[in-house]
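So the protein lines, in turn, are chains A, B and C.
Just so we're aligned, residue 446 is where the first sequence starts under this note's numbering, counting upward by one.
Just so we're aligned, residue 446 is where the second sequence starts under this note's numbering, counting upward by one.
Just so we're aligned, residue 446 is where the third sequence starts under this note's numbering, counting upward by one.
Virtual Cβ for every residue (Gly too), placed ideally from N, Cα, C.
One structure is given below, encoded as structure tokens.
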Amino acid sequence: TAFRRWLRHTYQTPEQLNEAWGNVFWSMELRSFDEVSLPHLTVTEANPAARLDFRRFQSSQVAAYDQMQCDIIRAHSPGRFVTHNMMGFFTKYDHWPLGENLDFVSWDSYPLGFTEQFPFSHDEHVRWALTAHPDIAPFNHDLYRGVGEGRFWVMEQQPGPVNWAPWNPIPKPGMVRLWTWEAFAHGAEVVSYFRWRQAPFAQEQQHAGLLRPDSVAAPAYDEAAEVARELSAMPDVEATPAPVAMVFDYASAWAWATQPQGRDFDYFRLCFAFYRGLRRLGLSVDILPPDAADLSAYKLVLAPGVATLSDPFKTALLAHKGIAVLGPRTNAKTADFAIPVPLPPAMPSLDCTVMRVESLPPDVPVPLTKGGNFLHWREKAEGAPVRETTADGWPALIGDRLRYLAGWPDEAALARILTDACTDAGITTDTMPEGLRCRDAGPWRFWINYAAHPVTHAGHTVPGPGVLWEQR
Amino acid sequence: TAFRRWLRHTYQTPEQLNEAWGNVFWSMELRSFDEVSLPHLTVTEANPAARLDFRRFQSSQVAAYDQMQCDIIRAHSPGRFVTHNMMGFFTKYDHWPLGENLDFVSWDSYPLGFTEQFPFSHDEHVRWALTAHPDIAPFNHDLYRGVGEGRFWVMEQQPGPVNWAPWNPIPKPGMVRLWTWEAFAHGAEVVSYFRWRQAPFAQEQQHAGLLRPDSVAAPAYDEAAEVARELSAMPDVEATPAPVAMVFDYASAWAWATQPQGRDFDYFRLCFAFYRGLRRLGLSVDILPPDAADLSAYKLVLAPGVATLSDPFKTALLAHKGIAVLGPRTNAKTADFAIPVPLPPAMPSLDCTVMRVESLPPDVPVPLTKGGNFLHWREKAEGAPVRETTADGWPALIGDRLRYLAGWPDEAALARILTDACTDAGITTDTMPEGLRCRDAGPWRFWINYAAHPVTHAGHTVPGPGVLWEQR
Amino acid sequence: TAFRRWLRHTYQTPEQLNEAWGNVFWSMELRSFDEVSLPHLTVTEANPAARLDFRRFQSSQVAAYDQMQCDIIRAHSPGRFVTHNMMGFFTKYDHWPLGENLDFVSWDSYPLGFTEQFPFSHDEHVRWALTAHPDIAPFNHDLYRGVGEGRFWVMEQQPGPVNWAPWNPIPKPGMVRLWTWEAFAHGAEVVSYFRWRQAPFAQEQQHAGLLRPDSVAAPAYDEAAEVARELSAMPDVEATPAPVAMVFDYASAWAWATQPQGRDFDYFRLCFAFYRGLRRLGLSVDILPPDAADLSAYKLVLAPGVATLSDPFKTALLAHKGIAVLGPRTNAKTADFAIPVPLPPAMPSLDCTVMRVESLPPDVPVPLTKGGNFLHWREKAEGAPVRETTADGWPALIGDRLRYLAGWPDEAALARILTDACTDAGITTDTMPEGLRCRDAGPWRFWINYAAHPVTHAGHTVPGPGVLWEQR
């Protein structure tokens, strides 16, 4: 009933709903909103536009409920802040509107469990089993700093093995301190640990705490205490924008989950690949909402896989003086989840048309002329200027200051494409050795080493695993 | 209710049903047809004879519905033809009776998607990802030419990437023309493409057409136009029988799905292996129904895995002057889905008894003395003359003009066994290089090359991928 | 309703139930037993203590039903024995109480199918596909001899391929005789074959018998007849205790299935690993119930993974003069399925505390200083004396006569740890070549060779596969 009400509000008439969803196809036309049923349990595939609308509706329910709770709390507890702890890699609802409701956002950081659940290769899973992947927590820090409009807390941080991942190893000694400092480096105002004392009973009895079940300090207690001592010697800092920004759009996660077209096409995985690519070049990254209207702080902006570019963002792109890289699959759908005609990406300042697309099965890479490959996905585009091509002669990267990338690059191809974009944007890059990452926070530069051994780079030797900071 | 009615009609009395199904086993005896329930959701395995009967019943429902529709159309549209488009690798109902109802059959050819879904090895999936496996479409062409009693159309042919396979790559340039000519070479009267224009909305918006969503010609448009020009220069031809025939029996697919006895025993996979084996020897193949009563046109007849040989076919085999190869698992069940006593294959003209059978787990091959292996399945048979043995001394191939093959041969073993059979049958074989296939149609010989590079063979250089034809 | 009644009987008051289950956690407290629902279909994980209690309840229902049947039979057929045939690797109910009800126990031995279903490596599956793993049937023989308080039958033994495993190969020639003699060597009073004649119809038509469907003798008939002739020449023997005992506790299988904490932590697999380790040292093994109160017959006792040690067993351990090895995960839970405080294993005679535990993902082994690795699971323990350490400096084996093993050892590590324990216990070990096993029964020593070739060891050449016996 609520879904029908939402559709009536959105589309006004059944005719306009039919038009938006393309219900003429397969005789799906509806005569009234009462004929709408939930878009599942159909004989064959349900209409993807209906499924996408159901996800939008669901998300709006979450936002409305959050708003209701905020209103109640503010009415009865004036002057207190209101926050809520969000999860990592969670896309069931659009988090950006909640960031507007809440005073600030917080999130629950479980680096080991998230690493296990992420679709890394087996080798990567083995390599990072005891430390987490070096970009897993940072991606979420940067995302939630964006959602929180610059402010966030880590409400729960893993102090040891947890109880819910497929396997639950003990983090390497030093990781609790490393993860904590990394959160601060990314702008966290508070890092809180879940939990204080390991409860010896019920569902979470195997979830470690700062204290053991017998109330003796666990190793994480000492690491947290060490951070507290170190922190007391540090001044407050103001956050500064990163040189690079990337858009993250929950609706695109829904769009590509609704119609992946290739079994392993996953929006979060795509964004994570670009984020990791930037971080391997030593860059700090801001994450922007899909309706970001001002890009003037950034020399380089990425928007991979954004299914439908918003009008504010398109306007901002036109005004942007830096380099922007769109694609693959950016602006590939209308707001009604149809293929736009004229064909995508349909950006006025970009001579580029995507004529057809293909998903690539495992082990069917498409080599690029300058090295590396497209994997998972590529597109047949035409336009000018062509900056890169595939070995079979298709344009791979098209454009000048605004660029379109016609495929999903592997690490080698992405490193080159991002390095070139940074060079053109006037950003200095610094390729990180395996396991090392760099993050700038106000006047400080943090070096964070996830490797098991010390790493010497740029004149510093960073313990492994460990963290080092310096004035920049 | 309809199933009970079908059973009452088939078995007349509960006693005869009990006898046929072996209901004395596990106290399954029924006192009336009203006690029959659907053969699923049982505490342990349901009676396989009941499950097989339910499949027969289902199939009879499809045939009756098709007959009803044909009757209505013919009554109201006299003089028009009636057809229906069938799918590839689809065994839920017996297609042969529908071939009798319809004026001719048609089918929907999606070579890339079918290749992805077929249980090939990972290497084969990679090798054929952009062209399809060279025998995938032809098997179905030959099957539906048989079902259509010599006539068939391709109602839908893939003109580019589709939207429903796990991955949906763009076919290599030239494949649309190649697949079209291949269909004609196998006797198609019409090749129609699905779809004319890519619909930009609803479920199939990622399914390519001859036109793009913006009505510009897609690459397939030009390939189809090229075939049309080429075709207009070709005379009509009459179909001629192939030298080799293979039986395809939907009821056997049901039988071995009901009781595979080895997890990877699949009837379609078995038949495809034999079909591919014949095609790698350069042979054209006809596919026959399980009740084929006249084999006089064929020098070699294969009937692998036919669970229960029909009386007309058994009679035809006795009268057959050529070579016939049965097995593995041929005539291994009575019509009531029991093991026959005397033991199979129980052919009067063949001194061969299968005493026991075994399914073989992965990587447990059984080497043959003359090379190659049995995989998946083998049988302990006795009889004479023994033409081949396994390395552990069991008869592997028994018989003279009528032969029984006591296992599932790998490619090497099958190539030798089929070559020997062809030699004895007076058929000339021509081992094809990787990717090349040959098909005779009336006075024409078609060379079809699925490889990425030109292939020179028998004095011809066939572009790759590409097609070449000559007068024979 | 019955579960609520069982809980009311067990806990008396809702307050005591709440306390035992830790229902204060996540607001799960109940006000009455009528508020208990089945511990499934919950929004998130159901309380593990509730799930474990449901398994206990289920098991008690089985035992009560078995008792009821025994009572009826004994009342109406006085003087007859009552038995029931149990399955291999089946842990849904606690078998030990049934062993007390029945006059003796029997079990159904299907070595090939059990081998296929066991989580061996792919190489092991291939190696043992046609013979079964050499410890698969023996583990169950020894378990059921224990459950039967020294007496058991094999009610069903596989005489050829069966119909229910993923693949159903024919056992190698000689295996039916080998398995039969092996059962006698382990104390079976009777070995009966399932089935007499292969039924040609219904569900089990592909299950081999001593006779073929046409009543001709199958190969197993001759092997059984050979055993019968050999057996008639052998005297009766009395069972003698083995030098080594291992506890097998069904409730621990439930505990670790309820809360594995690592996806591949399986109690049966753990016990099987220790059993195999003992057998590879040429030892005969007795299997004891978790409440074994007298260990005086054994020089070495193992109790890996027993979730909660019973009071009688703890008392017996204190009185034990030999060597005992506990761990990993032994005594890690209270009877209410909570982590005990003080921390485990909390044995008065053992200076050892397990402070935290971790599950290890695939390919993340923990090397031991003396060789081999921990896999799957390890624990951070402290105590003295430390007998072995991991390469990263954690105690791996702690204690003197009573020892705690802080991880799941691979084959190499386990062989050393068990050899050392045997040496200290005064037990002579004899490392078996691949495929060979040794079993002492009264005055006889049986050599059983699962390898495909003859094996010469300790002055004997044992045919392969085959069996040899001698007076000890």
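In this structure, B/Val-550 lies near B/Gly-593, with their beta-carbon atoms less than 7 Å apart.
Under the DSSP assignment, B/Ser-551 falls in the beta strand (DSSP E) whose first and last residues are 550-554. Contact between B/Ser-554 and B/Trp-624 holds: CB atoms are separated by about 7 Å, below the 8 Å threshold.
Around the CB of C/Ile-517, fewer than 16 other CB atoms lie within 10 Å, so the residue is classed as exposed. A residue is called buried once 16 or more other Cβ atoms fall within 10 Å of its Cβ, and B/Pro-787, having fewer, is exposed. Chain A places no beta carbon closer than 7 Å to that of B/Asp-808, leaving this residue out of the contacts. For C/Arg-642, no beta strand (DSSP E) encloses it, and the DSSP letter there is neither H nor E.
By the neighbour-count criterion, in which a residue is buried when 16 or more other Cβ atoms sit within 10 angstroms of its Cβ, C/Glu-683 is exposed.
The shortest C-alpha to C-alpha distance from A/Pro-606 to any of A/Pro-840, A/Gly-558 and A/Tyr-666 is the one to A/Gly-558. Beta-bridge partners assigned by DSSP to B/Arg-449: none are found.
Taking a Cβ-Cβ threshold of 7 Å, none of the residues of chain A is close to C/Gly-727; the smallest such distance is about 35 Å.
Around the C-beta of B/Glu-833, 16 or more other C-beta atoms lie within 10 Å, and the residue is accordingly described as buried. Interface residue (Cβ-Cβ distance to chain B less than 7 Å): C/Trp-612 is classified as such. Only residues of its own chain outside the window of five on either side were considered, and among them Gly-750 have a CB closer than 6 Å to the CB of A/Arg-774, listed in chain order. Only residues of its own chain outside the window of five on either side were considered, and among them Asp-548 and Phe-549 have a CB closer than 8 Å to the CB of B/Phe-526, listed in chain order.
In the DSSP assignment, B/Ser-804 falls within the beta strand (DSSP E) that extends over 796-804. Around C/Ser-504, the same chain offers Tyr-538 and Asp-539 as residues with beta carbons nearer than 6 Å, after the five sequence neighbours per side are excluded. Neighbours of A/Gln-461 in chain C, taken as residues whose beta carbon is under 8 Å from its own, are absent, since the nearest beta carbon is some 37 Å off. Pairing C/Gly-844 with C/Leu-813 gives a Cβ-Cβ distance that is not under 7 Å. It is roughly 8 Å from the alpha-carbon of B/Thr-458 to the alpha-carbon of B/Ser-477.
Distance from the CA atom of C/Arg-596 to the CA atom of A/Ile-615, rounded to whole angstroms, is 46 Å. The C-beta of C/Arg-572 has 16 or more other C-beta atoms within 10 Å across all chains shown, which makes the residue buried.
C/Pro-583 and C/Arg-674 have their C-alpha atoms spaced approximately 23 Å apart. Judged by pairs of C-beta atoms under 8 Å, the stretch 847-855 of chain C touches the stretch 812-830 of chain C, as three or more such pairs exist. Under the three-state reduction of DSSP, C/Leu-475 is assigned to coil, being neither helix nor strand.
Within the stretch 481-500 of chain B, contact with chain C at the beta-carbon level (separation under 9 Å) is assigned to Thr-489, Glu-490, Ala-491, Asn-492, Pro-493 and Ala-494. Residues of the stretch 649-664 of chain B with a C-beta less than 9 Å from any C-beta of chain A: Glu-649, Gln-650, Gln-651, Ala-653, Arg-657, Pro-658, Asp-659, Ser-660, Val-661, Ala-663 and Pro-664, listed in chain order. The alpha-carbon of C/Met-600 is positioned some 16 Å away from that of C/Ala-630. Among the residues facing chain C, B/Glu-803 is included, as its CB has a counterpart in that chain under 7 Å away. For A/Ala-678, there is no enclosing beta strand (DSSP E), as DSSP gives it neither H nor E. Bounds of the alpha helix (DSSP H) holding C/Ile-581 are 581-592. Counted as a single uninterrupted DSSP element, the stretch harbouring C/Gly-767 is not any beta strand (DSSP E), since DSSP gives it neither H nor E.
For B/Ala-698, the enclosing alpha helix (DSSP H) has its first and last residue at 695-703. At a C-beta separation below 9 Å, C/Trp-471 has these neighbours in chain A: Ala-647, Gln-648 and Glu-649. Of all residues in the stretch 770-801 of chain C, only Ala-783, Ile-784, Val-786, Pro-787, Leu-788, Met-800 and Arg-801 place a beta-carbon less than 7 Å from a beta-carbon of chain A. Taking 7 Å as the cut-off, the Cβ atoms of B/Thr-874 and B/Cys-867 count as close.
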